[in-house]
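Going down the list, the protein sequences come from chains A and B. Count the first sequence with the working numbering and you get residues 1 to 517, in order. Count the second sequence with the working numbering and you get residues 518 to 816, in order. Every residue, glycine too, gets a C-beta built ideally from N, C-alpha and C.
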Amino acid sequence: MSSRVESLRPAEGVWHSAVLEPAEETTGTEEPPPAIEMVRFAAMRPVLFRPKWFWPAVGALSVVVALGFAAWVVQLRTGLGAAGYNDQAFWAIYEANLVTFIGVSYGGAVVSAILRITKTTWRAPLTRIAEATALVTLPIGMLFIIPHLGSSWKLWELIWPPYWNLSSPILWDFFAVSTYLLATCVFFYLPLVADLAIGAERLARLQTSPRRKLLYRAYRLLAGSYDGSLSQRRLLAGAIGLVAIMVIPMAVSVHSVLSFAFASSSRPGYLETIFPVYFVVAALYSGVALVVVVVAAARRLFHLEAFIERRHLVRLGFIMVALGAAYLYLTFTEYLIDSYSNTTGNAAWVYQTVLGRYWMPFWFYFVAGGVVPILVFMFRRTRNATGVVTAAALVLAAMWVKRLVIVIPPATEPLVRSPFGPTGALGLGWGTYHFTWVSISITVAMAAAIPLLLLIVFRFVPILPVAEMEELAAAAERGTTTTATVAAGPVVRPRAGNEALAGARDHAETQGDDDDE
Amino acid sequence: MNADEHEHDEAPRAPVPPAHEQPVTVSTARHLSRRRFLGAAASGVGLAAVGSVSGALISRSAHSAAAPARAATGAVTGSSATHQWAMVIDLRYCNGCKACTTACERYHYLHEDQTWIHVFTMQSASGEQYFMPRPCMMCEDPACVPVCPVSANFRTEEGLVLVTQQRCVGTRICMNACPYQARYFNWSAPVPAPRQPFPQEPAWPVPQVEGTVGKCVFCAAMLPSGRIPECASYCPMGVIYMGDLESDVAVNGIGNTVTLSKFLTENTAIRFKTTFGTHPRVWYITGHGQTLDTDKEVA
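Given below as structure tokens:
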């Protein structure tokens, strides 16, 4: 590792090690070669120049978020019943949302941490987007604790140690998710340090508006004293590697513990030993799907076609479909074994889910989240970027529905019933959860908050991990990477798109004070 | 294929052994109970250096472990308190009038669907309808207590499981845990109650608190003064007996007083869902071919 870093280092005080030759008279602030310059420009472009659609998009999304907030105020005033809950559907949409939104943050862990540890080089242009997605979705998922609680105003009690009951799975959730949030923040920040230093270099030249001046100061502050020296690079690489390794077991623990909240009860359909694995795989699956969608959108919106290619989406798609197959298998296992349990509760729950009152959402998951992604990858005609993105969007919807199918049927199952005689007619019948405008508005608002926050994040941080791309490109140049990488080609390739980008850069940078692109 | 048919197919339970062969066992199951399992698991976790977690679980298991046996019934009551409250519901006489539910809701100022004592319409093996009132089971090993993140649920020395509604944050994980569906959430503003003689407290949860869980409390605030719960008072059939395992007496609303242990033994009283290891403090007397979801442990 260290020798690799060392060999990357052409000269003291030079940021860019990538395709740069250790040039004869490099003084440290030289203009980097065109390919590197293009990466750096593309990474900083959304930060420096506001896209035309930025404010309209932010405005529209903010309106949706504000409506959700209003719905939450209504819920606070009228009680949790406004969200459609009742005693026989005591857990439903918010609990499913909590699991779904925390779940989609796993894409960051996979793409960034797992692919980093396995030294998969094509990940490079995707990592920042994946990490930002994790950074944004995890707090949104955590926010669902607020509408979930019947007395949201007593939220502080959960962080008040004298009240803690350490045998409660909900408290474990709280600890696990908070730790994971901290790790996600660190994992977002560490790879950012070098990029902030590089970005500050560009901002130093372009301090044409108060915003850019402020950004320059913020970049310098957050980059600390990073100057790209060998020891710093070595330290940073070590730290990132360590956090990447730590993030993975943390991610596994978070969804395992989330599943404990359901599984640690005697309720048929929740009392499943498969739940921790089931939840983790579901989270990874939907997480990769979200990364596919976000990467595809960012590629188009922020003009990253030269760096994020269609093959990146297809490769992510392969990971997604493998996880999808694993999840389908786990679902099958759970349902099959429960249907053989020959106890009233379990058999009834499986029946109602697959063929009974919940058949529609279940089969929607099965088709859109189980079969379609596999079919898309089965045929060469559909195994392309368009196919992958379509499948990923379907997977996101299907996995949300699947979480509803996990949460709602067991919660609505009658536990006190006649051992003889038909269920429903006698004893307590099945409960029903009714979606209301309040619960739907809050859910939609949280979903809209993801693109909203991502747009804001990318207005402030470089969208491409410049330092990482440069290092991997340099490694590819020297041929020190694996054969797989060489086959994939260098990460930074001079392409036709680059000329357009160069044109954009020249145009944009000569615009002076104008922040708009 | 219909899931409901499974229930028809279910074989009739093994006949209940004669009462004299089965001593009344109030508390300790000799098989591995949840409490023992959790206690053992807790010790394991403790060894794994999570001392506080194990401490919480062990203290919970120790809570009702010191159990002086009562010679008369062989009952283990779990505490040295003066009373050990229990309830007997004589299903032979229940006509499903729901006077208990109405009285409870009126007394505690509850919404109509907050049926703390719910009268279920059931069907026996021979196809006859019968009725089964279900209050809180006041389990000796309640599933709702260990899952609450803010320790809002607790079990008193007298064997009552209560909720501190001022503490409850409304996660509803206790509703998930309860195998009897005996917990009811305040989904909206509670029914307004006039000024009460006592402050709102776990033993006197009137009025209810919005956004928290409420449930049957066996009218805990009335018991010390010798009054039986409202459901028992208002039952015209004398179905519901309020009893005390310590003094071995049970009383219903129409003036019948019975020796609790004898009453249970002679009538082959059973408890509901004993397979869950919750050890309820509510006994049912069947007699018309009714079968509860009870596999074993006949009192």
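By the neighbour-count definition (other C-beta atoms within 10 Å, threshold 16), T386 (chain A) is an exposed residue. For E157 (chain A), the nearest beta carbon of chain B is closer than 9 Å to its own beta carbon.
Closest in C-alpha terms to F188 (chain A), from the list A:L472, A:L126, A:T208, comes A:L126. By the criterion of a C-beta distance shorter than 7 Å, R357 (chain A) is surrounded in its chain by W430, once the five residues flanking it on both sides are discounted. Annotated as proximal: F307 (chain A) and M469 (chain A), with beta-carbon spacing under 9 Å.
Residue burial is scored here from C-beta neighbours: N693 (chain B) has at least 16 other C-beta atoms within 10 angstroms and is therefore classed as buried. Around the beta carbon of D630 (chain B), fewer than 16 other beta carbons lie within 10 angstroms, which makes this residue exposed. Residues of the region 74-103 of chain A with a C-beta atom less than 7 Å from some C-beta of chain B are T78, G79, L80, G81, Y85, N86, D87, F90, W91, listed in chain order.
Going by DSSP, A738 (chain B) is part of no alpha helix (DSSP H) at all; its letter is neither H nor E. For V664 (chain B), the residues of chain A that pass the 9 Å Cβ criterion are N165, S167, S168, P169, I170, A261, S264, S265, in the order they occur in the chain. Contact annotation: V395 (chain A) and F362 (chain A) have beta-carbon atoms that are not nearer than 9 Å.
The beta-carbon separation of H600 (chain B) and E763 (chain B), rounded to 6 Å, stays under the 8 Å limit for a contact.
Within the DSSP secondary-structure output, Y801 (chain B) pairs in a beta bridge with B:I606, B:I787.
Identification of chain A residues near M739 (chain B) by a Cβ-Cβ cut-off of 8 Å yields none; the smallest Cβ-Cβ distance measures about 25 Å. Rounded to the nearest whole angstrom, the C-alpha separation of L290 (chain A) and D195 (chain A) is 24 Å. Residue pairing for Y180 (chain A): DSSP places it in no beta bridge. Within chain A, no C-beta atom comes nearer than 7 Å to that of I606 (chain B); the closest sits roughly 13 Å away. With respect to chain A, the C-beta atom of P696 (chain B) has a partner C-beta closer than 9 Å.
At a cut-off of 9 Å between beta carbons, S62 (chain A) makes no contact with chain B. Collapsing the DSSP output to three states places N703 (chain B) in coil. F366 (chain A) is classed as buried because its beta carbon has at least 16 other beta carbons within 10 Å across all chains shown. Taking a C-beta distance under 9 Å as the contact criterion, S439 (chain A) and P147 (chain A) qualify as a contact pair. Under the three-state reduction of DSSP output, I442 (chain A) falls in the helix class. Contact annotation for I802 (chain B) against chain A: no contact, minimum CB-CB distance about 17 Å [criterion: below 7 Å]. Put simply, the region 675-689 of chain B does not touch the region 123-139 of chain A. Fewer than three CB pairs are less than 8 Å apart. Residue range 275-301 is occupied by the alpha helix (DSSP H) that includes R299 (chain A), with no beta strand (DSSP E) assigned at that position.
Excluding sequence positions up to five before and after T443 (chain A), its CB lies within less than 7 Å of the CB of I93, N97, all in the same chain and listed in chain order. For the alpha helix (DSSP H) assignment, the uninterrupted runs of no fewer than 4 residues enclosed by the region 374-414 of chain A are, from N- to C-terminal side, 385-412. For the region 648-676 of chain B, residues whose beta-carbon sits nearer than 7 Å to a beta-carbon of chain A comprise R651, A660, P663, V664, C665, P666, V667, S668.
Every alpha helix (DSSP H) stretch that sits fully inside the region 614-672 of chain B and reaches 4 residues is listed by chain position as 616-625, 661-664.
Comparing C-alpha distances from V39 (chain A) to each of A:V350, A:G199, A:L454, A:A448 shows the shortest one belongs to A:G199. Any Cβ of chain A closer than 9 Å to the Cβ of Q717 (chain B) would place that residue at the interface, and such an atom is absent.
For L98 (chain A), the enclosing alpha helix (DSSP H) covers residues 93-104. B:P652 is the residue among B:P797, B:P663, B:P652, B:A603 whose C-alpha sits nearest the C-alpha of G731 (chain B). Around the beta-carbon of T729 (chain B), 16 or more other beta-carbon atoms lie within 10 Å, marking it buried.
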